[in-house]
Structure formats: structure tokens, C-alpha cells
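First the structure, in the form of C-alpha cells, and then the observations on it.
Residue numbers (this note's numbering): 19 to 190.
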């Protein structure tokens, strides 16, 4: 129907073969092996070799996949660390966070603030500062390096804090 509507009746067999090839390449190659020309067989083999394996993909695609994978891993680690700190933090700073134990609401708010401040500050400061830093001052690489340095410094700083204010500042 497509060949008739698109006025491609003279290429009907080629379109049919292409549709079969797109549906199941390996079955089509084996079923129509005697109908394929040498050039078509060679092109199909080259396509098979090119599409198999991570290392045969383009450099840009490999870099994108590796970067996205690493970012996902690091995000998972960060979330795990944040979740892990929620267990020891109330005891360390003497915050009462059990709902039915007569805890003051200020302790609950403090605990919530300490858990939320990294994401809130990233959303507020990151969006406001990232573009001007990249465009006007440091460029993309410089901004990434600065954010890495800030992240490392805040992580080390958070590990040696002695009160809620210091921890909040480091997490922000």
C-alpha cells in the first residue's frame, strides 16, 4: 500500500525486502541469502560488526554512556550517604525525632532541615550561580572543577562538625 500511495511501485521488491530486514535481520539474511548481491551481503556484515559491542560505537556515544552511568552511580552513593546520616544524626545532636515520644516540633524541623538543605541549596544556588560562572568567569570546565572542590570541602567539613549550624552550613 505504501509503495502504491508514494508512487514507488517500481521499487516494491526493494521496499518489501527492507521491511523484512528491519523486522528480523537474521531471518531475512538466511531466508533470502540467494537473492542478496555480494555488495548487499558485505554491507550487512559490516553493519553487524559495527553494531555489536560497546567498543565499536562512536567515541561520543561511549563517553555519553559512561558519563551517565557514573553520574547514576554517584547519585546513588550520595543518596545512600544522606539516608545513612539520618540514623546517627539525631543522637549526635540530641534531637528527638520520634513522633509519639513528646518531641518538640523544633527538633523535627531541625532534622527535616538538615536532610533537605543539600537539595534545596543545590536547587537555589546551583541554578542561580551555574550559568553566570560558566558564561562570564570560569567556563564549563572551571565551573565543574569549582563544584567538585566545593563538594569535597563540604563533605570533609560535614564530617568534623560539632553542632547543627556547622552541619547545616556544610550541607548547604
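We treat Cβ as the ideally placed atom computed from N, Cα and C, and that holds for glycine.
These numbers come from a predicted model, not from an experiment.
DSSP state of residue i mapped onto helix, strand, coil
i	result
residue 114	coil
residue 165	helix
residue 133	helix
residue 100	helix
residue 119	helix
residue 53	coil
residue 154	helix
residue 175	helix
residue 76	coil
residue 42	coil
residue 19	coil
residue 24	coil
residue 71	coil
CA-to-CA distance, residue j to residue i, given in whole angstroms
i	j	result
residue 186	residue 94	21 Å
residue 92	residue 98	10 Å
residue 122	residue 85	44 Å
residue 47	residue 81	32 Å
residue 36	residue 23	17 Å
residue 56	residue 19	29 Å
residue 172	residue 166	10 Å
residue 112	residue 153	44 Å
residue 126	residue 169	26 Å
residue 60	residue 27	27 Å
residue 140	residue 190	8 Å
residue 137	residue 44	49 Å
residue 144	residue 150	10 Å
residue 115	residue 100	16 Å
residue 63	residue 79	22 Å
residue 76	residue 40	22 Å
Nearest-angstrom Cβ-Cβ length linking residue i and residue j, presumed shorter than 8 Å
i	j	result
residue 182	residue 128	6 Å
residue 51	residue 33	Not really, about 20 Å apart at Cβ, beyond 8 Å.
residue 156	residue 146	Wrong, their Cβ atoms sit about 15 Å apart, outside the cutoff.
residue 107	residue 88	Not quite, the Cβ-Cβ distance comes to about 28 Å (not below 8 Å), so this is no contact.
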